[in-house]
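In what follows, a structure is listed as structure tokens, so that the remarks can point back to it.
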Amino acid sequence: MADDRRIEPDDLGRRLAEAKERANPKRDGLKREENRGWSIAIEFVGAILVGAFFGWLIDGWFGTGPYGMILFFLLGFGAGLRTVMRKSGDFDGNPDDNN
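Numbering (the working numbering), first residue to last: 3 to 101.
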């Protein structure tokens, strides 16, 4: 009454891989695009925070009040925006290119 068919481990692994590929054929491409989007967002926020930090340091060293922090915050925002614009143009190309 028992099933006498024996499934080799290599055959089972191959069949599982084929089933996963049939179930989600575009998953890898979507994951790559999502990772690129997150990296752009993190770089944008990072540029703003680094700019604000350097402005805070300059304000502490020279006693210039909030003006150094405001100036470098805006410079960080501009640098982050430039990075976002440059990298978002890369979405039109191949997601395998990590420019």
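Think of the CB as a built atom: it goes at the ideal place given N, C-alpha and C, for glycine as much as any other residue.
Same chain only: Cβ atoms within 8 angstroms of residue i, ignoring 5 sequence neighbours per side
i                : result
phenylalanine 79 : Ala49, Ile50 and Gly53
proline 68       : Asp61
Exposure label - residue i; buried when at least 16 CB within 10 Å
i                : result
aspartate 12     : exposed
phenylalanine 46 : buried
glycine 82       : buried
methionine 87    : exposed
methionine 3     : Legend: pLDDT at methionine 3 = 46, less than 50; position of this residue unreliable, no value from coordinates given.
Where residue i sits in the DSSP three-state scheme
i            : result
threonine 85 : helix
glycine 67   : coil
Any chain B beta carbon closer than 9 angstroms to residue i
i          : result
leucine 83 : Any reference to chain B falls outside this structure, which holds one protein chain only.
Beta-carbon proximity list for residue i, same chain, < 6 angstroms, skipping 5 on both sides
i          : result
proline 89 : Correcting the residue type first, residue 89 is lysine in the shown sequence and not proline. Hits under 6 angstroms: Ile42.
7 angstroms CB neighbourhood of residue i in its chain, flanking five on each side removed
i              : result
asparagine 101 : Caution applies to asparagine 101, whose pLDDT of 49 falls short of 50 and renders its modelled position unreliable; the value that the coordinates give is listed next. Only Asp92 meet the Cβ criterion.
- Can you find at least 3 beta carbon pairs, one from the region 36-46 and one from the region 63-74, that sit closer than 8 angstroms? Touching, no.
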